[in-house]
Amino acid sequence: MTSRKWPAVGLVVLLLLAVAGVMWVNRPAPTPTVTSRDVLIDVVDGPDGAKQPIQLDATFSVPETTPAPAVIVSPGFGQTKADLVDDATDLARRGFAVLAYSARGFGRSTGQIALNSPDYEVEDADQLVLWLSRQPEVQQDKQDDPRVGITGGSYGGALALMAAGLDKQKKIDAIAPLITYNDLSTALLPNAASTASIGASTPAAGVEGDDGVFKKVWAGNLFGSALSGVRPGPATSACGRFTQEVCDAYTRVATTGRADQATVDLLRRDSPVSVADQITAPTLLVQGEQDTLFGLDQADATARQLARNGVPVKVSWYPGGHDGGPPTDAVRSEVADWFTYYLMGGKSPNPGTGFSYDVQGTIRARGAPTLRTVAAPAYPGLHNDATTRQKVALAGPQQQVVTPPGGSPASISSLPGVGTALLGGSSTASSLAGNLAIDLPGQSAVFTSEPLGSSLTIAGTTFTTLRITGVGGGDTVLFAKLYDVGPDGRRTLPGAAVAPFRVQLPADGSSVDVNVSLAGVVRPVAAGHRLQLVVTATDQAYANETTPSVRTVALAGPMGLEVPVVTGATASSSGIPAGPVIGIAIILGLAVLAAIVAALRRRGGDDADPELADVPLVITGLTKSYPGRLTAVRELSFRVEHGQVLGLLGPNGAGKTTTLRMLMGLVRPTDGEIRVFGHRVRAGAPVLSRIGSFVEGAGFLPHLSGAANLELYWAATGRPPEEAHLEQALEIAGLGDAVRRRVRTYSQGMRQRLAIAQAMLGLPDLLVLDEPTNGLDPPQIHQMRDVLRRYAATGRTVVVSSHLLSEVEQSCSHVVVMHKGRLVAAGAVNDIVAGGGEATFRVDRVTDAARVLRDLNGTTGVTSDGQLVHADLGSTARSAAVDALVRAGIAVEQAGPRRRLEDVFLRLVETGDSSGGS
Numbered sequence: 010m011t012s013r014k015w016p017a018v019g020l021v022v023l024l025l026l027a028v029a030g031v032m033w034v035n036r037p038a039p040t041p042t043v044t045s046r047d048v049l050i051d052v053v054d055g056p057d058g059a060k061q062p063i064q065l066d067a068t069f070s071v072p073e074t075t076p077a078p079a080v081i082v083s084p085g086f087g088q089t090k091a092d093l094v095d096d097a098t099d100l101a102r103r104g105f106a107v108l109a110y111s112a113r114g115f116g117r118s119t120g121q122i123a124l125n126s127p128d129y130e131v132e133d134a135d136q137l138v139l140w141l142s143r144q145p146e147v148q149q150d151k152q153d154d155p156r157v158g159i160t161g162g163s164y165g166g167a168l169a170l171m172a173a174g175l176d177k178q179k180k181i182d183a184i185a186p187l188i189t190y191n192d193l194s195t196a197l198l199p200n201a202a203s204t205a206s207i208g209a210s211t212p213a214a215g216v217e218g219d220d221g222v223f224k225k226v227w228a229g230n231l232f233g234s235a236l237s238g239v240r241p242g243p244a245t246s247a248c249g250r251f252t253q254e255v256c257d258a259y260t261r262v263a264t265t266g267r268a269d270q271a272t273v274d275l276l277r278r279d280s281p282v283s284v285a286d287q288i289t290a291p292t293l294l295v296q297g298e299q300d301t302l303f304g305l306d307q308a309d310a311t312a313r314q315l316a317r318n319g320v321p322v323k324v325s326w327y328p329g330g331h332d333g334g335p336p337t338d339a340v341r342s343e344v345a346d347w348f349t350y351y352l353m354g355g356k357s358p359n360p361g362t363g364f365s366y367d368v369q370g371t372i373r374a375r376g377a378p379t380l381r382t383v384a385a386p387a388y389p390g391l392h393n394d395a396t397t398r399q400k401v402a403l404a405g406p407q408q409q410v411v412t413p414p415g416g417s418p419a420s421i422s423s424l425p426g427v428g429t430a431l432l433g434g435s436s437t438a439s440s441l442a443g444n445l446a447i448d449l450p451g452q453s454a455v456f457t458s459e460p461l462g463s464s465l466t467i468a469g470t471t472f473t474t475l476r477i478t479g480v481g482g483g484d485t486v487l488f489a490k491l492y493d494v495g496p497d498g499r500r501t502l503p504g505a506a507v508a509p510f511r512v513q514l515p516a517d518g519s520s521v522d523v524n525v526s527l528a529g530v531v532r533p534v535a536a537g538h539r540l541q542l543v544v545t546a547t548d549q550a551y552a553n554e555t556t557p558s559v560r561t562v563a564l565a566g567p568m569g570l571e572v573p574v575v576t577g578a579t580a581s582s583s584g585i586p587a588g589p590v591i592g593i594a595i596i597l598g599l600a601v602l603a604a605i606v607a608a609l610r611r612r613g614g615d616d617a618d619p620e621l622a623d624v625p626l627v628i629t630g631l632t633k634s635y636p637g638r639l640t641a642v643r644e645l646s647f648r649v650e651h652g653q654v655l656g657l658l659g660p661n662g663a664g665k666t667t668t669l670r671m672l673m674g675l676v677r678p679t680d681g682e683i684r685v686f687g688h689r690v691r692a693g694a695p696v697l698s699r700i701g702s703f704v705e706g707a708g709f710l711p712h713l714s715g716a717a718n719l720e721l722y723w724a725a726t727g728r729p730p731e732e733a734h735l736e737q738a739l740e741i742a743g744l745g746d747a748v749r750r751r752v753r754t755y756s757q758g759m760r761q762r763l764a765i766a767q768a769m770l771g772l773p774d775l776l777v778l779d780e781p782t783n784g785l786d787p788p789q790i791h792q793m794r795d796v797l798r799r800y801a802a803t804g805r806t807v808v809v810s811s812h813l814l815s816e817v818e819q820s821c822s823h824v825v826v827m828h829k830g831r832l833v834a835a836g837a838v839n840d841i842v843a844g845g846g847e848a849t850f851r852v853d854r855v856t857d858a859a860r861v862l863r864d865l866n867g868t869t870g871v872t873s874d875g876q877l878v879h880a881d882l883g884s885t886a887r888s889a890a891v892d893a894l895v896r897a898g899i900a901v902e903q904a905g906p907r908r909r910l911e912d913v914f915l916r917l918v919e920t921g922d923s924s925g926g927s
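Those letters in the sequence shown? Residues 10 to 927, by the working numbering.
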């Protein structure tokens, strides 16, 4: 054994030396010192005649060298200055004096939320600039005019644009708005269809129709987030921290689902679109590719408006947004570079006015999607260079879509606000969210292309033309979305994006042709995939029509789809240091060497044992020890045959869970082995594909049906659908028609049976279940018992870990009892139960029989129950007890072992006796 350790020790030493070398070569530069102080800034804002003093809570961060140019970091909606610490610190370390603050109505700042009103939030920003002009740490261009830029995300990004637009004295020198809006009226009430042609030539330009469809879920999330933190009282308003004007506007649109002109005017007044023609500060526009709140079309509109002013504009799209995560480190570095050039006198290279976007590929194992950045010299369409559009033909007949009464149930395209709260706010989460779309039958029209002959990358807004017809005419709301459909039929909705539109239909029942701009996305579509246009009557994220109706949807003309294509160079990271590259090469080489050594050490241990090829499970001398002299499993040995339902019993700490984890390849044994059908079990062993398991929760998605959950689970294994044997697993589980219902409607018993069905997918030869009857009532336990028996009846094997002794006794054919990591009994349930001295007698005179049995030498625990007398005979034979009863004149109708597994289990555990089974 000692000689085998030396190669491993040598490899570890070499690996540590290599890592140390890499860390020394790539050691970080000293972190610049940043000094911060909290301040309360007094401002006076409001319209003329109604000015009011408030205080803004802020943190002022100063770099090592001053005076320095300043950057104001404006918060997103619902954020406070505490959420801006990382951004502010990064900029301060780059040499900027940074002012991060909580907007009025949020955090410790006073005042009410006016939604970036020019009279309130924008006026506040102007006074923050004035405050910076009076700080000695800030570089000044002239009196009351600091060298300053503004950045912020979402709500804060719009503030940066509006402050620059209303900056009459042009004090603001550069801005970098992120994932923000151009026009709140089109962002929250989009209408993506028009009878007029779509004339814009930029990649993500969309139709900006009037009378849009209300984003009720997003708007509700935003409004609701500002209702918290209000002190209760008799005069408390339902408006929370909003001004009355904003509150009234939201109430009207939320109540009716439609925006009146006063609401539209308010939203436009409080949006960058109202001042874009006055912005002259160089602008970096960063927009998220995973954003159902403020899509790519919003940044596109801002870019077009600023280009008309002759403003230097750079546009960047990154794989995040309100559904996909905050700006990445690369984006933050790009913002810092922008300010370095424009605020520090060109101390960094000119960032230019180009365009870049990130393209996500497939999701890597245990990681984020692959990513490449495409860089173009300019944003197409801003300077007479229209975006290239590739035509893709669609096919499909005219189809009817039905709007149900009340607009419910509704199709699902996205889960507003859940991308960041539940799925983790990452590009991986947003990619997965694109697989959750549901188009309800009867409510959807589908048009599909032929498989693409070559790959295609969608970069922006796709156009299509539809013909809509409805009896009786009137107002109709529809939703269009574009899927990427793989060769296996699996659909992905890029960005979880949908384009709502409202159409006025003639009363005479004639049709209307409308040009529709689909939601802007970035999506690589591989050769052999198809594009699929789906038009639905409802979407749960929007205010749907509530009056039932039937509309006919058809393609209009041969165009099909016009897909935006933006070509450019694939940007590569610059200045890769040689040290890390060499270090990585060394580590990879050592890893390969270690893998070879490990493979050689395993050789011979992984070979199948032909004599056990037909035995489902054999455990031999299994031991698992942990540091600190803790041994969870000690020299455990047993085997399980075809058709058996084996119960694994033991008190807490007996080693049952550790044994199951080793069986599934999750934990490596210290000694001994586990063989499944003759193959040694280890992490990644192919034989593990013959094991199905259900341990703890199954993690079902509640809004999907049971069948859909099982299909998603099986798809994640990468195995062909036909190998799932879905119908057989469902038949054994006994869910019936309930499998088509949403999981949120399931009882606990149905969820458990669905989990068992999931474990049965592929009909594994060995089924491993941990506490399958947890939380079930007696009828449900009885049903689960039948499920396990039916599965074993097919010739397969089931291993059940449970603490319910009576259930194991009724469900299992065989049992293994563990105590303190050791085997104390193994065998058929009946044999183990009969192996003890407990016996039961049915007699005519119970009292006399009990007295006779107590007089027998070694008999204990005599009790009676009706006509039954129970006793632990110890070493006395049951026949001798019967003889004694008969001699006493007592009629014995029945005599046999007392079949209570609980008694045997307790006796075995108390004594640690291992002679009770074989």
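A virtual CB, placed ideally from N, CA and C, is assigned to each residue, including glycine.
A Cβ-Cβ separation of about 14 angstroms leaves Leu785 out of contact with Gln819 under the 8 angstroms criterion.
A direct Cα-to-Cα measurement between Leu315 and Lys225 gives close to 30 angstroms. Judged by DSSP in its simplified three-state form, Gly370 adopts strand. Rounded to whole angstroms, the gap between the alpha carbons of Gln549 and Leu475 is 22 angstroms. Note on geometry: alpha-carbon atoms of Gly836 and Val807 lie some 15 angstroms from one another. Taking a contact as a CB-CB distance under 8 angstroms, the pair Leu527 and Phe510 does not count as one, their CB atoms being some 10 angstroms apart.
According to the DSSP assignment, Pro787 belongs to the alpha helix (DSSP H) that extends over Pro787 to Ala802. By the C-beta density criterion, Lys490 is buried, having at least 16 other C-beta atoms within 10 angstroms. For the beta strand (DSSP E) assignment, the uninterrupted runs of no fewer than 3 residues enclosed by the segment 486-572 are, from N- to C-terminal side, 508-514, 521-526, 530-534, 539-545 and 558-564. Inclusion of Gln144 and Ala101 in the CB contact set at 9 angstroms is not warranted, their separation being larger than that value. By the 16-neighbour rule on beta-carbons within 10 angstroms, Asp680 is exposed.
Runs of the beta strand (DSSP E) lying entirely within the segment 250-317 and spanning at least 3 residues, in chain order: 292-297. The continuous beta strand (DSSP E) containing Asp874 extends over residues Thr869 to Asp874. DSSP places Ala834 within a strand segment (E or B) once states are collapsed to three.
In the three-state reduction of the DSSP assignment, Leu445 falls in the coil class, being assigned neither a helical nor a strand state.
Tyr190 has its alpha-carbon roughly 18 angstroms from the corresponding atom of Val320.
Residue pairing by DSSP places Asp680 opposite Thr632 in a beta bridge. When Ala880, Arg854, Ala848 and Gln876 are compared, the shortest CA-CA separation from Arg863 is found for Ala880.
Following the DSSP letters along the chain, one finds Thr195 inside the alpha helix (DSSP H) bounded by residues Leu193 to Leu197. If you draw a straight line from the Cα of Leu710 to the Cα of Val825, it is about 35 angstroms long. Within the model, the alpha-carbon separation for Thr311 versus Asp47 is close to 34 angstroms. Taking C-beta atoms under 8 angstroms as the contact rule, Ala563 and Val530 fail to qualify, at a distance of about 24 angstroms.
In this chain, the alpha helix (DSSP H) harbouring Val226 covers Lys225 to Ser234. If you look at Asp881, you'll find it isn't in any alpha helix (DSSP H); it sits in the beta strand (DSSP E) that goes Leu877 to Asp881.
Below 8 angstroms, enough C-beta pairs join the segment 377-391 and the segment 207-224 to call them touching: three or more. Listed in chain order, the non-local C-beta contacts of Val690 below 6 angstroms within the same chain comprise Gly674 and Ile683, local neighbours out to five positions each way being set aside. Distance from the CA atom of Arg103 to the CA atom of Arg278, rounded to whole angstroms, is 35 angstroms. Of all C-beta pairs linking the segment 657-667 to the segment 710-722, fewer than three are shorter than 8 angstroms, placing the two stretches out of contact.
With 16 or more neighbouring CB atoms inside 10 Å of its own CB, Thr252 falls in the buried class. In this chain, the alpha helix (DSSP H) harbouring Ser342 covers Asp338 to Leu352. If you draw a straight line from the Cα of Thr457 to the Cα of Gly218, it is about 26 angstroms long.
DSSP lists Thr561 as the bridge partner or partners of Gln409.
Secondary structure at Ile467: strand, using DSSP grouped into helix, strand and coil.
About 6 angstroms separates the beta carbons of Arg699 and Pro773, which is inside the 8 angstroms limit, making them a contact pair. Nearest Cα to Val282 within the set Asn200, His331, Leu193 and Gln270: Leu193. Straight-line spacing of the CA atoms in Asp874 and Thr849 works out to 10 angstroms.
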